[in-house]
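The structure under discussion appears below in the form of structure tokens.
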Amino acid sequence: MSSSRTPGPRRGVRGALLARLAAHLSVSPRTLARRFADRLGTSPGAWLLSQRVVRALLEETDLPVETIATRVGLTSAVNLRRRFRDQVGTTPGGYWRAFRVP
């Protein structure tokens, strides 16, 4: 009999990643998730998904940064640019240009 609390494959991977990160920081996974949400206003899983969506939209579409920011639930393109630069090390425009064929 299967339990509804049994994580699926993707949730299991995210849970393992969260557990490793929490161990590295010497906190419990629950504490890390709570602090993450307090600081960023979202769960680690939701944040990771939004980062993947942003990258996919930048790589596969010609949408302006303002539109991408709105689609992923950020308040402004400035917010997206700042967060993206902090996380990826380049601006969304720089990232986008890296995936464009000349």
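Just remember that the working numbering sits 4 ahead of the position in the sequence shown, which is counted from 1.
C-beta: ideal position from N, C-alpha, C; glycine also.
As the structure is a prediction and not an experimental result, all values here were calculated from the model.
Asked	Found
At the level of alpha carbons, what is the spacing between A102 and N83?	21 Å
Return helix, strand or coil for R104, following the three-state DSSP convention.	coil
Measuring alpha carbon to alpha carbon, tell me which residue in H28, G98, D90, G49 is nearest G19.	G49
Please list the segments of the alpha helix (DSSP H) lying wholly inside the region 49–106, counting only runs of 4 or more residues, in order along the chain.	69–75, 81–92, 96–102
Below 8 Å on the Cβ atoms is my guess for P33 versus A26; work out the distance and round it to an integer in Å.	4 Å
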